[in-house]
Structure formats: C-alpha cells, structure tokens
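Novice: Okay, handing you the structure first.
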Amino acid sequence: MSESGINYFSDGSLVVEVGNVKVYRMNEKLYLEIGPGHTLWALEDELIDYMEQLKDYPKGDCLEIGLGLGVASRYILTFPAVNSLTTVELNKDVIVAHSLLDDKYRHYTMDYNSDCHKILHTGGLEYAYMTKKRYDFIFVDFYDRIDEDTLPMIEDMVRACNRILKPGAKMIGWLDKYTPEEYMIEFTYIFERYGTRND
Ligand SMILES: C[S@@+](CC[C@H](N)C(=O)[O-])C[C@H]1O[C@@H](n2cnc3c(N)ncnc32)[C@H](O)[C@@H]1O
Numbered sequence: 001m002s003e004s005g006i007n008y009f010s011d012g013s014l015v016v017e018v019g020n021v022k023v024y025r026m027n028e029k030l031y032l033e034i035g036p037g038h039t040l041w042a043l044e045d046e047l048i049d050y051m052e053q054l055k056d057y058p059k060g061d062c063l064e065i066g067l068g069l070g071v072a073s074r075y076i077l078t079f080p081a082v083n084s085l086t087t088v089e090l091n092k093d094v095i096v097a098h099s100l101l102d103d104k105y106r107h108y109t110m111d112y113n114s115d116c117h118k119i120l121h122t123g124g125l126e127y128a129y130m131t132k133k134r135y136d137f138i139f140v141d142f143y144d145r146i147d148e149d150t151l152p153m154i155e156d157m158v159r160a161c162n163r164i165l166k167p168g169a170k171m172i173g174w175l176d177k178y179t180p181e182e183y184m185i186e187f188t189y190i191f192e193r194y195g196t197r198n199d
C-alpha cells in the first residue's frame, strides 16, 4: 500500500509478527501482510468499505469466511440484530496475530459483544461442507484480489456456502472497488446466482 510514495512496511512500525504474518501500523492504522513478499491482505481503513457494503444485512446467526485483522468481525458484532458470529480462518498465525492485537493498536474502536464471537481454525470450504449449522447472513472475504485466478475459488466457496444459508438469508462478498470491470461483472453474477436462498 503506497500513499504518495509512503509504504506501510518501510514507513510504518511492525506491531505484531507471528510466522509469516505481520501487522504494521502507519498513521495510526493497521495493515496485515501475509507471506514472504509484501502482500497486503487487509487494512484497517477497509472499515469504510465494509460499512458501505454490509449495509444493514448482518442479523441472527452470521458466518464470516476470513478473519484478517478482524475489522469486519468487530463491525458485524456491533449490529443489535446479530445473535452470533462464527469466523473461519485458514491460517493459524492470523488467528494468533489477531489475538495479540490489543485495542491500543487499533484506530477504530467499536462497542461490540465479543462473547458472541467464535473464531475457528479451518478453511471456509471444509466448514461449509461439514457443518450442520445454518446462517442468516454470510460474509465472504478470504481473497486478496478479484481476478481470473481467484474467481473460480470464490465461486466454489459461494456455492458451498449457499447450502448453509437459512431460507430467506443473504450472502455477500467483499468487493474491492479497484477490481477491473470484467471481473466485477463475474463477481456480481456469482453472488446474484448463489447469494440468496429462497426455498
Ligand atoms: C482479505 S483478508 C480478510 C480481511 C477481514 N475481513 C478484515 O476485516 O480484516 C482474508 C483472510 O482470509 C483468510 N483465508 C484465506 N483463504 C481462506 C479459506 N479458504 N478459508 C478461510 N479463511 C481463508 C486469509 O488467511 C486472510 O486472513
């Protein structure tokens, strides 16, 4: 992430490191990097996008695929109509890093009920096929970009998660606003097709 030639990894400070997961802080905001290169997976400022995209959908029993910095988790848990949130995360180091992210590091503090939050170390696809639970809302955010490589995985995940939606429930996926139009159209189509369950 570069802001006028400023990089979070060279100009920010490293606040948490677990395995190949690093969390940096720059201008009071958090940045999550996973892997050997400087691949940015989540940033605290995405809260603004989550607020726009999640609208008033979170309610009842919610499922989230991909923990990252836990910004979306905390936001979902602020909704009064939410009874529970289960977050599934594939990378154990992300879960440990998240547990070390004290409120003092976070720019956006939120009033939320952490007692209703369960974080599971598993892949979203495995979870969707194994669980007997059904959900009122599902938020899918397990990818770092939307393109020809990730769209097939996104479709597989959304189809699997369709099975565990309650009747009338809704599923959305985080949409990176910088996604090229051709991929954005395909992404939108996947959620139009499998993002609701009306039976
Ligand atoms: C874009 S980040 C999520 C950002 C998050 N919404 C937040 O508020 O910070 C994607 C996360 O999904 C995780 N992930 C990747 N593949 C996954 C999978 N198949 N199942 C569950 N989690 C996965 C990554 O390790 C990463 O932590």
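Heads up: the sequence shown at position 134 corresponds to 134 in my numbering, and the numbers run straight through without jumps.
Each residue gets a CB set at the ideal place from its N, CA and C atoms; glycine is no exception.
Values in this document were obtained by computation on a predicted structure and should not be read as measured data.
1) Indicate the three-state DSSP secondary structure (helix, strand or coil) for glycine 124 in the structure shown.
2) Just verifying my parser: in three-state terms, what is the DSSP assignment at phenylalanine 79?
3) Helix or strand or just coil, what does DSSP make of isoleucine 65?
4) Residue range of the alpha helix (DSSP H) that arginine 159 falls in?
5) For isoleucine 65, does the count of other Cβ atoms within 10 angstroms reach 16, so buried, or fall short, so exposed?
6) Could you give the DSSP three-state label for threonine 86: helix, strand or coil?
7) Quick one: using the 10 Å Cβ neighbour count with 16 as the cut-off for buried, is arginine 163 buried or exposed?
8) Can you find the residues in the same chain that come closer than 8 Å, C-beta to C-beta, to leucine 69, ignoring five residues on each side of it along the sequence?
9) Could you tell me which of Phe139, Ile34, Lys59 and Tyr135 sits nearest to glycine 19, measuring between CA atoms?
Specialist: Reading off the structure:
1) Helix.
2) Phenylalanine 79 carries a coil assignment under DSSP once its states are collapsed to helix, strand and coil.
3) Strand, per DSSP.
4) Membership of arginine 159 in the alpha helix (DSSP H) is indicated by the continuous run 151-162.
5) It counts as buried.
6) Here threonine 86 sits in strand by DSSP.
7) So arginine 163 ends up on the exposed side.
8) Hits under 8 Å: Val23, Leu30, Leu32, Ala42, Leu43, Glu44, His98 and Leu101.
9) Of the candidates Phe139, Ile34, Lys59 and Tyr135, the residue whose Cα lies closest to the Cα of glycine 19 is Ile34.
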